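> What follows is a single structure, and I will ask about it in a moment.
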Amino acid sequence: MKDFDITVHVVVKGVNELTDEELRLVESAKEATFRSYSPYSKFSVGAAVLLDNGVIVTGSNQENCAYPSGLCAERTAIFYANSQYPSNRVSALCIAARDVSGAFTTVPITPCGSCRQVLIETEKRGGKDIRIMLYGTDAVYFIESARSLLPVSFDDSFLK
Ligand code: THU
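Under this note's numbering, think of the first position of the sequence shown as 273, with each following residue one higher.
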């Protein structure tokens with residue numbers, strides 16, 4: 273028998289330690305939470321995608337009374353970015369969320385499995401790591417790539 277461990281490297285920064293570019297992305301993700309349509313969960317998520325041309329595209333979670341028909345903020349933003357700017361690489365993604373109280377979460381929220389799967393494909397398509405920033409009021413997590421968020425994942429190599 274053999275075994276192996278896979279570790280994820282997370283850099284934790286305070287909001288006061290962010291660069292101007294990082295702050296711009298955080299502010300965009302925070303603003304996007306106010307465009308969330310989340311009458312069912314009352315959990316408002318915003319995502320901001322930075323493209324290699326400097327453009328920031330945002331998205332928010334869009335719910336539906338048929339619950340599975342809704343979509344997370346990350347995929348809303350990524351699909352919008354890929355459909356409007358198919359030739360521009362996604363270089364970074366930031367997410368932020370406000371809970372039922374309306375306040376931003378103190379601890380960063382993390383993308384769901386389906387969003388991670390979509391992020392990995394977008395990363396492969398662009399050919400370079402997507403920097404992931406997860407915003408919380410007490411800490412901001414930095415993860416170096418989408419790939420590292422979903423180890424041992426399914427990809428198109430299995431289809432060949
Ligand atoms: N949600 C997101 O938009 N992104 C995440 O990373 C986690 C969850 C949404 C889905 C649903 O509208 C609400 O948050 C509660 O799960």
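A virtual CB, placed ideally from N, CA and C, is assigned to each residue, including glycine. Note that the structure is a prediction, hence the values are computed from the model and not measured.
I need the boundaries of the alpha helix (DSSP H) containing V390, first residue and last residue.
G385 to G398
> What separation, rounded to the nearest whole angstrom, lies between the Cα atoms of V370 and N336?
First, the amino acid is wrong: residue 370 is Arg here, not Val. Each residue's alpha carbon lies about 18 Å from the other.
> How is the alpha helix (DSSP H) around K285 delimited, first residue to last?
For K285, there is no enclosing alpha helix (DSSP H); the enclosing beta strand (DSSP E) has its first and last residue at V282 to K285.
> Ignoring anything shorter than 3 residues, give me the beta strand (DSSP E) runs that lie fully in the segment 307-340, in order along the chain.
316-323 and 328-332
> Run through DSSP, which three-state label would Y352 get?
The answer is helix: DSSP assigns Y352 an H, G or I state.
> Beta carbon of A418, beta carbon of C366: below 8 Å?
no
> What residue range is occupied by the uninterrupted beta strand (DSSP E) comprising L365?
V362 to R370
> Taking the CB atoms as reference points, tell me whether G398 and R347 lie closer together than 8 Å.
No; because the gap between Cβ atoms is not below 8 Å, this pair is not in contact.
> Can you name, in chain order, every residue of its own chain whose Cβ lies under 8 Å from the Cβ of K302, other than the five neighbours on each side?
G318, A368, F376 and Y407
> Can you check DSSP and say which residues form a bridge with Y407?
V412
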